[in-house]
Ligand code: PAF
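Numbering (our numbering), first residue to last: 168 to 447.
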């Protein structure tokens, strides 16, 4: 695997390549990331991964400074998995040589709801860096995890509206045995909170099962799931049943008529904020 730190080195490595498959990450790689890279390999060649902790997508009180930066370890994992041909690991001066005053602003109906409501500016930061990484890597295919469901939808919408020649593939969420979605932020959990963390997915499953059994009072389902978590010490930002196609609230008749739905959740255990979702 070649590790490059500048856009120039990256372009040298990729000159003439037209089937690049790309996996952008912020590093601190886990089995979920490695699975994205395995999938990328099935859809293109060469596979390029990036590691860049993107300041633009962190709010002022978020964990940008303490976000785990583990480049040497990440390189060792990628070397061992042997799916990635080029790792692009720029520093901030390389990717943002001047203040990034041009930004991609997602539409409010997709970007300001759910995660966007609780993390203002987050999707602007994500979209801006993803566009920039796409421009550096020029992939034909890019793989994103479904765990960040809204991010995946926003990146897809951005590619469609800007007519970027990139197929965005969705990868199923990779979970620990107890159901917790793998995430770099799981490392922040204390041992007791790590045990408790599986309850988030359990609530998503409960809501999904209720919907599949024909329960149509979505507001009550959301409220009960949030209360169950809060009664054991979680602080819930949202548990929301939405339409898969646009993340809007389903109409009453859509709930029973087979409209594809997704249950999305964000909640904190101590200082650690976790997100997850489950398609119905
Ligand atoms: O999902 C992530 O890790 C990040 O949001 C991404 C897509 C790498 C952009 O910084």
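Even glycine gets a Cβ: it sits at the ideal position worked out from N, Cα and C.
In this text, all values refer to a predicted model and were calculated from it rather than measured experimentally.
Identify, in the order they occur along the chain, each residue of the same chain with its Cβ nearer than 6 Å to the Cβ of residue i, setting aside the five sequence neighbours on each side.
i: residue 298; result: 271
i: residue 406; result: 389, 392, 393 and 432
i: residue 291; result: 270 and 272
i: residue 309; result: 189, 333 and 335
i: residue 445; result: 371, 375 and 430
Among the residues of its own chain, which have a CB less than 8 Å from the CB of residue i, if the five just before and after it don't count?
i: residue 238; result: 194, 218 and 256
i: residue 258; result: 172
i: residue 410; result: 416, 417, 421, 426, 427, 428 and 429
i: residue 226; result: 286, 287, 288 and 289
i: residue 276; result: 413 and 415
Mapping DSSP to helix, strand and coil, what is residue i?
i: residue 174; result: helix
i: residue 402; result: strand
i: residue 359; result: helix
i: residue 205; result: helix
i: residue 353; result: helix
i: residue 240; result: helix
i: residue 338; result: strand
i: residue 439; result: strand
i: residue 309; result: strand
i: residue 301; result: helix
i: residue 324; result: helix
i: residue 245; result: helix
i: residue 231; result: coil
i: residue 430; result: strand
i: residue 255; result: strand
Would you please state the rounded distance, in angstroms, between the beta carbons of residue i and residue j? I believe it to be under 8 Å.
i: residue 352; j: residue 439; result: 6 Å
i: residue 346; j: residue 368; result: 4 Å
i: residue 354; j: residue 313; result: The pair is not a contact, with the Cβ atoms about 21 Å apart (cut-off 8 Å).
i: residue 357; j: residue 278; result: So it is not a contact: roughly 32 Å between Cβ atoms.
i: residue 189; j: residue 306; result: 4 Å
i: residue 381; j: residue 340; result: Incorrect: roughly 26 Å between the Cβ atoms, too far for contact.
i: residue 396; j: residue 372; result: Contact doesn't hold; Cβ gap of about 13 Å is too wide.
i: residue 441; j: residue 366; result: So it is not a contact: roughly 10 Å between Cβ atoms.
i: residue 318; j: residue 329; result: With 8 Å as the limit, residue 318 and residue 329 do not qualify as a contact, their Cβ atoms being about 16 Å apart.
Between the alpha carbons of residue i and residue j, how many angstroms are there, rounded?
i: residue 426; j: residue 213; result: 38 Å
i: residue 247; j: residue 199; result: 15 Å
i: residue 323; j: residue 296; result: 14 Å
i: residue 400; j: residue 170; result: 43 Å
i: residue 185; j: residue 335; result: 16 Å
i: residue 332; j: residue 207; result: 16 Å
i: residue 349; j: residue 197; result: 7 Å
i: residue 302; j: residue 419; result: 42 Å
i: residue 192; j: residue 216; result: 7 Å
i: residue 241; j: residue 293; result: 21 Å
i: residue 325; j: residue 280; result: 16 Å
i: residue 261; j: residue 251; result: 21 Å
i: residue 344; j: residue 221; result: 30 Å
i: residue 361; j: residue 435; result: 12 Å
i: residue 224; j: residue 168; result: 28 Å
i: residue 187; j: residue 268; result: 28 Å
i: residue 211; j: residue 398; result: 47 Å
i: residue 265; j: residue 174; result: 15 Å
i: residue 183; j: residue 236; result: 32 Å
i: residue 178; j: residue 245; result: 20 Å
Go through the stretch 361–423 residue by residue and report every complete run of the alpha helix (DSSP H) that reaches 4 residues or more, in order.
Assignment of alpha helix (DSSP H) within the stretch 361–423, counting only whole runs of 4 or more residues, yields 365–379, 385–397 and 419–423 in chain order.
For the stretch 180–229, which segments carrying the beta strand (DSSP E) assignment without a break, of at least 3 residues, lie completely within its bounds, in sequence order?
188–192 and 214–218
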